[in-house]
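Colleague: Mind having a look at this structure? Questions to follow.
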Amino acid sequence: MDIRSQIAMVFHLDKCIGCHTCSIACKNIWTDRKGSEYMWWNNVETKPGTGYPTKWEDQDIYKGGWKLDNSKGELQTNWKSKGLGNIFHNPNMPSMDDYYEPFTYRYKDLFTSEESNDQPTAIPVSQITGEFINIKGGPNWDDDLSGSPDYARNDVNFKNLDPAEQEAMFQLERMTFHYLPRICNHCLNPACVAACPSGAIYKRGEDGVVLVNQEKCRAWRMCVSACPYKKTYYNWNSGKSEKCILCFPRIESGQAPACMHTCVGRIRYLGVMLYDADEIKNVASCAENELVEAQRNIYLDPHDEEVIQAATENGISLSTIESAQKSPVWKFVKEWEIALPLHPEFRTVPNLFYVPPLLPAMATVKDGKYENQADSFWGGIDKMRVPLKYLASMFSAGNTDTIRDVLGKLMAVRHLRRALTVNDQDKDITAIAMKESGLDQDTANAIYRLTSLPKFGERFVIPEAHREEAIEMLNDTEEFKGKTGFGTRKSFERGL
Amino acid sequence: MTNFWFIGLPYAALMIFILGSLLRYKLIPFQVSSLSTQFLEGKKLFWGNRPFHWGIIFLFFGHLIAFLFPKTLILWNGVPLRLMIIEAAAFAFAVSALIGLILLIIRRLSNKKLQVVTSKMDIAVYVVLLLQIISGIWIALFYRWGSTWFASSLTPYLKSIFTLNPDVQIIATMPWMVKLHVSSAFVMLGMIPFTRFIHFLVYPLAYLWRPYQLVIWNWERKKIRKSSKLAIDHKITKQQ
């Protein structure tokens, strides 16, 4: 057993209002620089939709993530030949057109244009060339475009749905969408790290944050295509790859990452998970319908005495273990099993978990009349506006049973809370929902509490980074005095 | 004049190459990058970059073999068919490098976005590469069987440079196109620290034998201070 700690997150999709505040907070802090204008380390997508970059989930195009060699039961291991062979031209790399060309407006013209009968306009200009640009795409270009032929219809997750099921999703009365906020998954089996020929990308041992060493990156670009979530970006100006750093300077000083801190819907939870690093390979290479269960099992119970013992022996500090015991992520992922990883079939063992959206069909049109669902207030789980198969292809590698379990619990919580607060439903409905979900009343109330009424400290349980111990161990403390900080004296100019 | 071009320049270039590359690698590692432009334009790059690089790599190793194993090469070339194969292959790769380079130059000139990321040194790189490849092809066409006479006449000159005992007698009698080819090669060498040429020094060969996953600890895991352990023991005794 090799216990390590990992900072993980939960996104409660029912609470996401799609305001993009997280994206803006991230952009203002990290990617407001030349060469990174197009990057959104944090972005929010509308699902169904094609996402950013376009069709990022389609690994037939980008060949990202790991594949299982079924005959051997091993993960695909041709990264090395691929990396060195495609070094002069990477055929699977998305280009700027797959994201969008960043633009601004020539505001100066509003003040300097000559007097005339018409209002002056600020024309859009490319942020790369500075010349006029006919804008064809931009950040959130597909925002809220559910049902649109260009975006929603081309969603890769429809591949498991037959045409009739797809058509049903696009009927006006059933039409729906939900948001999907995405940052780097800080995976346990990261494909970007494995694909980096120069070894510039690494996982931090102490908290699992995946980072790109800007001084070792040589722009071989393999990480961009290898990351199945397309969360490593190429800075066209500096000639280096960049990615979400999980706001590590903030985390180290006990603050929540900017995207989480600013979240208006308070959908985000952050906490520590203890996991067994020896099991990563087994989890990543198990059968597709077992992936979610296997990943749940890699996280170890921080209350277990044996785990605590093994963790301390591995150098994990007590404060980290205590954080793990209070981790909201532990509750959502392990205790209640209602948060699922995004696309576990990419086999990178991602550390972002999503509580899938509960989108009940409240009514149907019958004989031209709009009527409430007959059986109960929210209808059944199989009659959701989003088909189980669609959610399954996003969150459980196609396993609809997993999704049904999760939605059943979420529905039970709703029924219970409605019974307790409004009490306008048949008692049997609540009882049946609770029984089928397997939740007891206390657990359901706990889920409700952490979902609806959590305080900041309950949503973000940030472990102490213990930089001081690391410094003591690796440097002379006297010498290090006054050296700590975040600045650099080196220039970050593009090379010749 | 011969001394300047074939003794002064080579040594200056070598010094600049070694010191400059080391300094750039050590002092400004952020500026050591291949500066790929595939992100801005990926389709035309394929047709230029692959033929250029494969061509130039073959030619580089061809020259290196002729320099390191001249006798073997001369013996190998003793059979006309083998000589023909080597010469034809080298010529084909040279043409591939030239076509690739021309396509890359056209690509860069015709794309506004690429011009934004083109430095003056990039243009210098194109000029010296064009000069080098064209003069090489010229020599291959008009001074036949270079793979043999390189081994017998230029290798001794190069060896004399590297053994710090420069001897310019042979090179002085060479046609001026050969002289141009040799001088521009040294110019190219001297340009490495100041141009994107630096990227070939950091070709990621180490990738072949490193494990896929890379985890870096900010503490020494073996030597971890047992403060947390002490705290636990303390807690346990307190509970008792």
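Read top to bottom, the protein sequences are chains A and B.
Once you know that position 244 of the first sequence is 244 in our numbering, the rest is easy, because the numbers rise by one and skip nothing.
Once you know that position 51 of the second sequence is 547 in our numbering, the rest is easy, because the numbers rise by one and skip nothing.
Note that the Cβ used here is the ideal one computed from N, Cα and C, for glycine as well.
Note that the structure is predicted; figures quoted are calculated from it, not measured.
1) In the DSSP assignment, the beta strand (DSSP E) including Thr-104(A) goes from what residue to what residue?
2) At 9 Å on the CB atoms, spell out the chain B contacts of Ile-128(A), in chain order.
3) Name the DSSP beta bridge partners of Gly-379(A), please?
4) Taking only beta carbons into account, state which residues of the region 679-690 of chain B come closer than 8 Å to chain A, listed in chain order.
5) Here's the rule: buried if 16 or more other CB atoms are within 10 angstroms of the residue's CB, otherwise exposed. What is Ser-81(A)?
6) Using 8 Å as the limit for Cβ to Cβ distance, is Glu-469(A) near chain B?
7) In terms of residues, what are the limits of the beta strand (DSSP E) holding Lys-240(A)?
8) How is Thr-46(A) classed by DSSP in three states: helix, strand or coil?
9) So, is Ile-183(A) buried or exposed, given that buried needs 16 or more other C-beta atoms within 10 angstroms?
10) Taking one C-beta from the region 581-599 of chain B and one from the region 624-635 of chain B each time, how about it: are there three or more such pairs within less than 8 Å?
11) Identify, in the order they occur along the chain, each residue of the same chain with its Cβ nearer than 6 Å to the Cβ of Trp-501(B), setting aside the five sequence neighbours on each side.
12) With three or more beta-carbon pairs closer than 8 Å as the criterion, would you say the region 164-175 of chain A touches the region 204-224 of chain A?
13) Please name the residues in the region 199-223 of chain A whose beta-carbon is closer than 8 Å to at least one beta-carbon of chain B, in chain order.
14) Report yes or no: is there a C-beta of chain A within less than 8 Å of the C-beta of Phe-526(B)?
15) For chain B, find out if any of its Cβ atoms is closer than 8 Å to the Cβ of Val-264(A); answer yes or no.
16) Does Val-698(B) come within less than 8 Å of chain A when only Cβ atoms are used?
17) Taking Gly-686(B) as part of the beta strand (DSSP E), name the residues at either end of that continuous run.
18) Against chain B, does Val-193(A) count as a neighbour if the rule is that its beta carbon must be under 8 Å from one of theirs?
19) What's the gap between the Cα of Lys-675(B) and the Cα of Ile-561(B)?
20) Could you work out which residues of chain A lie near Val-711(B), taking near to mean beta carbons separated by less than 7 Å?
21) Quick check on Phe-486(A) - is its C-beta less than 8 Å from some C-beta in chain B?
22) Quick check: what's the CA-CA separation for Phe-492(A) versus Phe-526(B)?
23) So what does DSSP say about Asn-297(A), is it helix, strand or coil?
24) What is the residue span of the beta strand (DSSP E) that Asn-545(B) lies within?
25) Indicate whether at least one CB of chain A lies closer than 8 Å to the CB of Arg-692(B).
26) By the three-class DSSP mapping on this structure, what secondary structure does Arg-721(B) have?
27) Determine whether the beta carbon atoms of Ile-385(A) and Thr-50(A) lie at a separation below 8 Å.
28) With three or more C-beta pairs closer than 8 Å as the rule, is the region 382-400 of chain A touching the region 353-366 of chain A?
29) Quick one: is Trp-584(A) buried, meaning 16 or more other Cβ sit within 10 Å of its Cβ, or exposed?
30) Can you tell me the Cα-Cα spacing of Ser-5(A) and Tyr-52(A), whole angstroms?
31) List, in order along the chain, the chain A residues whose C-beta lies closer than 8 Å to that of Trp-645(B)?
32) On the criterion of 16 or more Cβ atoms from any shown chain inside 10 Å, does Leu-505(B) qualify as buried, or is it exposed?
33) Should the region 14-31 of chain A be regarded as contacting the region 263-275 of chain A, the criterion being three or more beta carbon pairs within less than 8 Å?
34) Work out the CA separation of Ala-311(A) and Asn-185(A) for me, nearest whole Å.
35) When DSSP labels each residue in this structure, what does His-303(A) get in the three-state scheme?
36) Can you pull out the residues from the region 404-438 of chain A whose beta carbon lies closer than 7 Å to at least one beta carbon of chain B?
Modeller: This is what the structure gives:
1) What you label residue 104(A) is simply residue 104 of the first sequence in a count that begins at 1. First-last of the beta strand (DSSP E) with Thr-104(A): 103-105.
2) Translated into the one-based positions of the first sequence, residue 128(A) becomes position 128. Going along chain B in sequence order, the residues near Ile-128(A) (Cβ under 9 Å) are Leu-536, Lys-608, Lys-609, Val-612, Val-613.
3) Residue numbering aside, residue 379(A) sits at position 379 when the first sequence is read from its first letter. None; Gly-379(A) has no bridge partner.
4) Phe-690
5) Residue 81(A) sits at position 81 when you count from the first residue of the first sequence. By the 10 Å Cβ count, Ser-81(A) comes out exposed.
6) Locating residue 469(A) in the first sequence gives position 469, where the first residue counts as 1. Glu-469(A) counts as touching chain B.
7) Along the first sequence, read from residue 1 onward, the residue named residue 240(A) stands at position 240. First-last of the beta strand (DSSP E) with Lys-240(A): 240-243.
8) Position 46 of the first sequence, counted from the first residue, corresponds to residue 46(A). Correct three-state label for Thr-46(A): strand.
9) For the purposes of this step, residue 183(A) is taken as residue 183 along the first sequence, with counting starting at 1. Burial call: buried.
10) yes
11) Mapped onto the second sequence, residue 501(B) falls at position 5. Taken in chain order, the residues that qualify are Ser-679.
12) no
13) Gly-199, Ile-201, Tyr-202, Lys-203, Arg-204, Gly-205, Glu-206, Gln-214, Glu-215, Lys-216, Cys-217, Arg-218, Ala-219, Trp-220, Arg-221
14) In the second sequence, residue 526(B) corresponds to position 30, counting from 1. Yes, Phe-526(B) lies at the interface with chain A (some Cβ there is under 8 Å from its Cβ).
15) Counted from its first residue, the first sequence places residue 264(A) at position 264. For Val-264(A), the answer is no, since every Cβ of chain B falls outside 8 Å of its Cβ.
16) Numbered from its first residue, the second sequence carries residue 698(B) at position 202. By this cut-off, Val-698(B) is an interface position.
17) Here residue 686(B) corresponds to residue number 190 of the second sequence, with the count starting at 1. Looking at the DSSP string, Gly-686(B) is not in any beta strand (DSSP E); the run it does join, the alpha helix (DSSP H), is 672-687.
18) Counting from 1 along the first sequence, the entry for residue 193(A) is found at position 193. Yes, Val-193(A) counts as interfacial toward chain B.
19) On the second sequence, position 179 is the one that residue 675(B) refers to. On the second sequence, position 65 is the one that residue 561(B) refers to. Taking the straight line from one Cα to the other gives about 20 Å.
20) As a first step, residue 711(B) must be located in the second sequence, where it is residue number 215. Within chain A, the residues near Val-711(B) are Tyr-202, Lys-203, Gly-205.
21) As a position in the first sequence, residue 486(A) is number 486, starting the count at 1. Its pLDDT being 49, under 50, Phe-486(A) is placed unreliably by the model, and the measurement read from it follows with that caveat. No, its Cβ sits nowhere closer than 8 Å to a Cβ of chain B.
22) What you label residue 492(A) is simply residue 492 of the first sequence in a count that begins at 1. What you label residue 526(B) is simply residue 30 of the second sequence in a count that begins at 1. Using only the alpha carbons, I get a separation of about 7 Å.
23) By one-based count along the first sequence, residue 297(A) stands at place 297. Residue state, collapsed to three classes: helix.
24) Position 49 of the second sequence holds residue 545(B). Looking at the DSSP string, Asn-545(B) is not in any beta strand (DSSP E); the run it does join, the alpha helix (DSSP H), is 539-564.
25) Here residue 692(B) corresponds to residue number 196 of the second sequence, with the count starting at 1. Closer than 8 Å: yes.
26) As a position in the second sequence, residue 721(B) is number 225, starting the count at 1. The predicted position of Arg-721(B) is uncertain, since its pLDDT is 48 and thus under 50; a value taken from the coordinates is nonetheless stated next. Correct three-state label for Arg-721(B): coil.
27) The sequence position of residue 385(A) within the first sequence is 385, counting from 1. The sequence position of residue 50(A) within the first sequence is 50, counting from 1. In the sequence on display, residue 385(A) carries Arg and not Ile. No, Cβ-Cβ distance for Arg-385(A) and Thr-50(A) is not below 8 Å.
28) yes
29) Since the displayed chain A opens at 1 and closes at 496, residue 584(A) lies outside it and no answer follows.
30) The residue given as residue 5(A) occupies position 5 in the first sequence. The residue given as residue 52(A) occupies position 52 in the first sequence. Using only the alpha carbons, I get a separation of about 30 Å.
31) Position 149 of the second sequence, counting from 1, holds the residue named residue 645(B). Those within 8 Å of Trp-645(B) in chain A number zero; the least Cβ separation is about 32 Å.
32) Here residue 505(B) is taken as the residue at index 9 of the second sequence, counted from 1. Result: buried.
33) yes
34) As a first step, residue 185(A) is located in the first sequence; it is residue number 185 there, counting from the start. As a first step, residue 311(A) is located in the first sequence; it is residue number 311 there, counting from the start. One C-alpha to the other measures close to 23 Å.
35) Position 303 of the first sequence, counted from the first residue, corresponds to residue 303(A). Correct three-state label for His-303(A): coil.
36) none
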